[in-house]
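What follows is a set of notes on a single structure, which appears directly below.
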Amino acid sequence: MLLPRLLRVGAFMVKELSRGGCTSISRTGCTRQRWRPFIELQSVPRVFQGSIFQKYPQFSTTAENDVSHGSNKQKDMINVTFVDKDGEEKNIKVPVGMSMLEAAHENDIELEGACEGSLACSTCHVIVMDMDYYNKLEDPTDEENDMLDLAFGLTETSRLGCQIVASPELDGIRLAIPAATRNFAVDGYVPKPH
Numbered sequence: 145m146l147l148p149r150l151l152r153v154g155a156f157m158v159k160e161l162s163r164g165g166c167t168s169i170s171r172t173g174c175t176r177q178r179w180r181p182f183i184e185l186q187s188v189p190r191v192f193q194g195s196i197f198q199k200y201p202q203f204s205t206t207a208e209n210d211v212s213h214g215s216n217k218q219k220d221m222i223n224v225t226f227v228d229k230d231g232e233e234k235n236i237k238v239p240v241g242m243s244m245l246e247a248a249h250e251n252d253i254e255l256e257g258a259c260e261g262s263l264a265c266s267t268c269h270v271i272v273m274d275m276d277y278y279n280k281l282e283d284p285t286d287e288e289n290d291m292l293d294l295a296f297g298l299t300e301t302s303r304l305g306c307q308i309v310a311s312p313e314l315d316g317i318r319l320a321i322p323a324a325t326r327n328f329a330v331d332g333y334v335p336k337p338h
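In this note's numbering, the protein residues as written are 145 to 338.
Dropping the structure here:
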């Protein structure tokens, strides 16, 4: 009952505003002034030219944008090395701004992340292998420290992969994946990233 009435009022407002000269609408009608309305509607549909994407290319996903800014794409990637429990290394390129958990999932690295990065578990526990890189990271929050207390094989340079975000100063970081995790799921369950 209320919805149809709101739709009628909305349609009335759009109609009055599109006529021009109407600056305020009340129950009694439309107040007309000499200046232009605050909102101006086009009677003929116009094709959006994508001006916001031309001004801010990072919002565009078009092929043209990828070609024109291809050189910047290489600058926005860092090298990360994951070392698994068997000592095998996997080098990957990670976009700046992406968490190590997301990067591991995108590159088929077995880093669990049961809570999907919501700081509710310790299954994305990684060990920063170089103290210099560990010192470049932001200090862990209290919530992260609480989750790290539950982690298997905790070390001085342990962090949660979901809380390490790629930045240019982390280029070349090496992360070790512990031999086990503490998860309250069924043993042997291998989660699939979403």
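Built from N, CA and C at the ideal position, the CB exists for glycine as well.
query                                                                                                                                                                                          : result
Quick check: Arg326 and Leu294, are their CB atoms within less than 7 Å of each other?                                                                                                         : yes
Please name the residue or residues paired with Lys234 in a DSSP beta bridge.                                                                                                                  : Phe226
With the cut-off set at 7 Å, would you say Phe296 and Ala264 are in Cβ contact?                                                                                                                : no
How about Val316 and Asn223: are their beta carbons less than 7 Å apart?                                                                                                                       : Checking the displayed sequence, the identity of residue 316 turns out to be Gly instead of Val. Their beta carbons are under 7 Å apart, which means Gly316 touches Asn223 by this criterion.
Closest to Asp220 by C-alpha separation, out of Arg318, Pro312, Ile253, would be which residue?                                                                                                : Pro312
State the start and end residues of the unbroken alpha helix (DSSP H) segment that holds Ala247.                                                                                               : 244–250
Examine the Cβ distances between the stretch 230–244 and the stretch 301–309 and report whether three or more of them are shorter than 8 Å.                                                    : yes
Starting from the C-beta of Ser212, find all residues in its chain whose C-beta is less than 6 Å away, skip the five residues before and the five after it, and write them out in chain order. : No answer about Ser212 holds up, because its pLDDT of 45 lies below 50 and its placement is not dependable.
Strictly by DSSP, which residues pair up with Val272?                                                                                                                                          : Leu319
Can you list, in chain order, the residues of its chain with a C-beta nearer than 7 Å to that of Thr301? Leave out the 5 residues immediately preceding and following it.                      : Ile271, Val272, Met275, Tyr278
Alpha helix (DSSP H) containing Leu292: first to last residue?                                                                                                                                 : 286–292
Just tell me which of Glu232, Lys237, Arg152 has its CA closest to the CA of Glu254.                                                                                                           : Glu232
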